[in-house]
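Just so we're aligned: the sequence shown equals residues -27 to -1, 1 to 244 in mature numbering (1 follows the signal peptide of the UniProt record, and there is no 0). In this text, a Cβ means the ideal position worked out from N, Cα and C, and glycines have one as well.
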Amino acid sequence: MRRTTLAACGVAAALATTLAVAPAAFAQETGTVYVVHGIPDTPVDVYVDGTRALDDFQPGTSAGPVDLPAGSREVAVFPADAADGSGEPLLSATADLPAGGNVTLVAHLTEGGDPTVTPFVNDVSSVPAGQARLVVRHTAAAPAVDVLAGGSPVVSGLTNPDQEALEVPAGTVSASVAAAGTTEPVIGPADLDLAEGTATFVHAIGSLEAGNLDLVVVTVDGLHSAPSGVPSGAPSGSPYEPGAPAWMLLLGVGGLAAVTVGAARVAAARR
């Protein structure tokens, strides 16, 4: 299987520029957002509050971090280069982003292969000296999986769309993903550089049936446990508790007001 090395590719700057027009009243009330595109063969344009934020966003890539105004954000995903975001979106959601939150929005396939959006809370709390945080997320069209390090399982029975976090000694880890209860990789092995004081978020994406499983990796640094350290991926004094449910923190009382999936159109776009 191929290994994808990720970069923001300049889309974070475009996203930040788009959101610079937000009312000044919200300038100090922001949350930090990353976006992962895990739907194969479907380049998209992403609109935030009716304005195009990501143009021709490619599968297997990520964008962020970007500080968005706290509050209700309307997100819509259209086929790449759709005229001014007109017509029916492939995916749409209304999310309530709390001040100080740090989340990743992942567009991906369900276990059954349908496109969806899942928000994950990013644990950017401090990491003990000499350690790194590894978070594995199952966002692929595949049954339960085991995550192997050096050929031995470290996470067992992970199902879509769940995640599991580990704190491990800093260093390079040879990681792979296998069907639950087996050791034959369906993704990898791939070398993960887990530097001290970082959190590495690994997203399994794609489809087992289609043979295009892959990894999208997002790393947040600056999480050293020294008192003076401030996580680069989140504002100082973030009010949430690491590990709290994504639905509580990202979506608030209003919840995910709508996630509308044009499954047939997405399937057609992937062909």
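Same chain, Cβ closer than 8 Å to residue i, five either side skipped, listed in chain order
i          : result
alanine 55 : Asp18
beta-carbon residue i near the ligand GDP non-hydrogen atom, thresh 6 Å
i           : result
alanine 105 : Ligands in the displayed structure: none, and consequently the ligand GDP is not present.
Check whether residue i and residue j have beta carbons under 7 Å apart
i             : j             : result
valine 76     : valine 9      : no
aspartate 194 : threonine 171 : yes
serine 59     : alanine 114   : no
leucine 196   : valine 100    : yes
histidine 81  : threonine 132 : no
valine 146    : glutamate 137 : no
valine 189    : serine 35     : yes
alanine 153   : alanine 177   : no
alanine 168   : alanine 143   : yes
serine 198    : alanine 102   : yes
aspartate 187 : glycine 33    : yes
leucine 70    : alanine 43    : yes
Among the options, nearest to residue i - alpha-carbon criterion
i             : options                      : result
aspartate 40  : Asp57, Gln31, Gly33, Ala72   : Ala72
proline 126   : Arg110, Ala148, Thr132       : Ala148
alanine 66    : Gly74, Glu182, Pro88, Asp57  : Pro88
alanine 163   : Pro13, Val150, Tyr20         : Val150
aspartate 119 : Glu182, Gly11, Gly161, Asp57 : Gly161
Buried/exposed call for residue i, threshold 16 Cβ in 10 Å
i             : result
isoleucine 31 : Here residue 31 is glutamine; the residue named in the question, isoleucine, does not match the sequence. Exposed.
threonine -23 : Here the model assigns threonine -23 a pLDDT of 31, short of 50, so the residue's position is not dependable, and the following value carries that caveat. Classification for threonine -23: exposed.
threonine 173 : buried
proline 62    : buried
threonine 3   : buried
aspartate 166 : exposed
aspartate 96  : buried
Residues that residue i bridges to, as DSSP identifies them
i              : result
threonine 132  : Threonine 132 pairs with nothing; no bridge assigned.
threonine 3    : Pro42
isoleucine 178 : Asp187
aspartate 54   : Answer is none; aspartate 54 lacks a bridge partner.
isoleucine 160 : Val150
proline 142    : Gln104
aspartate 69   : Ser45
serine 125     : Ala122
asparagine 75  : Thr5
threonine 91   : Val79
Spatial neighbours of residue i in its chain, beta-carbon cut-off 6 Å, leaving aside the 5 residues before and after
i             : result
aspartate 28  : Asp18
threonine 192 : Thr171, Thr173
glutamate 47  : Asp22, Thr67
arginine 106  : Val100, Glu140, Ala172
proline 16    : Asp29, Gln31, Ala53
Same chain, Cβ closer than 7 Å to residue i, five either side skipped, listed in chain order
i            : result
threonine 91 : Val79, His81, Thr112, Pro134
Neighbour flag for residue i against chain B, beta carbons, 7 Å
i            : result
arginine 110 : Among the chains of the structure shown, chain B does not appear; only one protein chain is present.
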